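Engineer: Here full-length UniProt numbering is used: position 180 in the sequence shown is 180, and no number is missing along the way. From the three backbone atoms N, C-alpha and C, an ideal C-beta is built for every residue, glycine too. Being a predicted model, the structure only gives us computed values, none of them experimental. Got a structure for you, written out below as structure tokens; questions coming shortly.
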Amino acid sequence: PSFNTQENYIDITCEGSTVTPTIKAEIQKGFFWSSYRVWTCYRRNYFAVSVSFGLDPWIANGPLYLNQGGSKGPEQIQSMAMSLSTAVDGTSGKSIELIQLTPKRDKGPQLPIERKLLSPTPPEKSRNNHTYSIGSFHTTTAIAGPQLPQYSLASHSGSTHQHTFERIQFKSATSNNGKRSAQQQYYHLVVELWANVQSPQELRWVKIATRSSLPLVVIGRSPCYFPKEGPGTAGASSGS
1 PSFNTQENYI
11 DITCEGSTVT
21 PTIKAEIQKG
31 FFWSSYRVWT
41 CYRRNYFAVS
51 VSFGLDPWIA
61 NGPLYLNQGG
71 SKGPEQIQSM
81 AMSLSTAVDG
91 TSGKSIELIQ
101 LTPKRDKGPQ
111 LPIERKLLSP
121 TPPEKSRNNH
131 TYSIGSFHTT
141 TAIAGPQLPQ
151 YSLASHSGST
161 HQHTFERIQF
171 KSATSNNGKR
181 SAQQQYYHLV
191 VELWANVQSP
201 QELRWVKIAT
211 RSSLPLVVIG
221 RSPCYFPKEG
231 PGTAGASSGS
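Right under this line is the structure:
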């Protein structure tokens with residue numbers, strides 16, 4: 001499944017220039033294109049989503065500021081992170097829980113999805129890496145990036161630009177799967193980009209951009225997927 005156009009919520013500036021973040025995301029496994037022309041997965045199937053982000057323009061060693069308006073004025077970004085969530089298609093956009101399993105899978109605990117601290121992908125690496133592999137990649141040649149004071153190389157073994165959320169499951173299936181008498185429900189996976197503008201007193205994450213997937217159907221069991229009926233007559237919307 002591919003992703004819709006990114007939505008930006010808050011302006012970022014650096015040395016007087018507006019900086020535009022770009023979310024990159026790829027669903028690597030777990031979904032199939034059904035005969036009813038919708039991306040589908042089984043609720044108990046594991047899937048994986050790789051995420052990264054870039055900044056344009058790329059200003060080496062420049063401090064990044066978040067401009068939320070009001071009386072606060074620009075706030076310096078201390079670190080950045082990405083996360084993964086799910087929302088129901090439509091105006092309500094109700095959140096749906098995702099769970100992440102450990103390498104022990106069903107025998108291990110179920111964990112909530114947490115924000116993953118990342119640094120922006122340098123322009124050259126972004127152009128040279130068109131596909132992702134499972135896991136995170138690290139820089140082999142140091143490329144000076146913008147200032148992120150709370151993201152130190154000392155606390156990370158190399159600057160991590162990309163992360164794969166692995167062994168993910170939906171907590172619940174979509175409603176009305178294959179019922180003509182009721183409107184088919186769809187989900188969207190939502191990749192979120194966050195900025196930390198913490199003060200000495202508090203850690204404060206602000207959502208600055210999101211990118212949602214195309215509509216998805218999640219089915220609870222597999223005997224005969226939509227045996228005689230399609231997933232409703234209403235078309236899915238392209239946004240969340």
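To the nearest angstrom, how far is the alpha carbon of S92 from that of I113?
Structural biologist: Cα to Cα, S92 sits roughly 22 Å from I113.
Engineer: State the Cα-Cα distance for the pair T121 and A182, rounded to the nearest angstrom.
Structural biologist: Their backbone Cα atoms lie some 44 Å apart in a straight line.
Engineer: Counting along the chain, where does the beta strand (DSSP E) carrying T18 start and finish?
Structural biologist: 17-29 is the extent of the beta strand (DSSP E) around T18.
Engineer: Measuring from the CB of R211, is there a heavy atom of the ligand SAH at a distance below 6 Å?
Structural biologist: The ligand SAH is absent from the structure shown, which contains no ligands of any kind.
Engineer: Buried or exposed: P146, going by 16 or more other Cβ atoms within 10 Å of its Cβ?
Structural biologist: By the 10 Å Cβ count, P146 comes out buried.
Engineer: Taking buried to mean at least 16 other C-beta atoms within 10 Å of its own C-beta, is L64 buried or exposed?
Structural biologist: It counts as buried.
Engineer: If you run the structure through DSSP and keep just helix, strand and coil, what is E124?
Structural biologist: E124 falls in the helix class under three-state DSSP.
Engineer: Need the endpoints of the beta strand (DSSP E) that A48 sits in, please.
Structural biologist: It spans 47-56 - the beta strand (DSSP E) in which A48 sits, taken as one unbroken run.
Engineer: Sorted by chain position, which residues of the same chain lie with C-beta nearer than 6 Å to H156's C-beta, five sequence neighbours on each side aside?
Structural biologist: Low local confidence applies: a pLDDT of 48 at H156 is under 50, so the model's placement there is unreliable, with the coordinate-based value given in what follows. Excluding positions up to five away in sequence, the list is empty.
Engineer: CB-CB under 7 Å to S240, same chain, minus the five flanking residues each way: which ones, in chain order?
Structural biologist: For S240, the pLDDT reaches just 32, beneath the cut-off of 50, and the residue's location in the model is therefore unreliable, leaving the point undetermined.
Engineer: Are there 16 or more other CB atoms within 10 angstroms of the CB of A25, so buried, or fewer, so exposed?
Structural biologist: Buried.
Engineer: Run through the DSSP bridge pairs and tell me what L101 is partnered with.
Structural biologist: According to DSSP, L101 bridges with Q110.
Engineer: Looking at the unbroken beta strand (DSSP E) that takes in H188, where does it start and where does it end?
Structural biologist: Per DSSP, H188 belongs to the beta strand (DSSP E) from 187-196.
Engineer: Considering only DSSP beta bridges, list what V88 is partnered with.
Structural biologist: Per DSSP, Y187.
Engineer: Is H161 helix, strand or coil by DSSP?
Structural biologist: In this structure, H161 counts as coil in the three-state DSSP scheme.
Engineer: Sort out for me which residues DSSP pairs N61 with in a bridge.
Structural biologist: Per DSSP, none; premise fails for N61.
Engineer: To which residues of the same chain is Q110 closer than 7 Å at the C-beta, ignoring the five residues directly before and after it?
Structural biologist: Cβ neighbours of Q110 beyond the five flanking positions: I99, L101.
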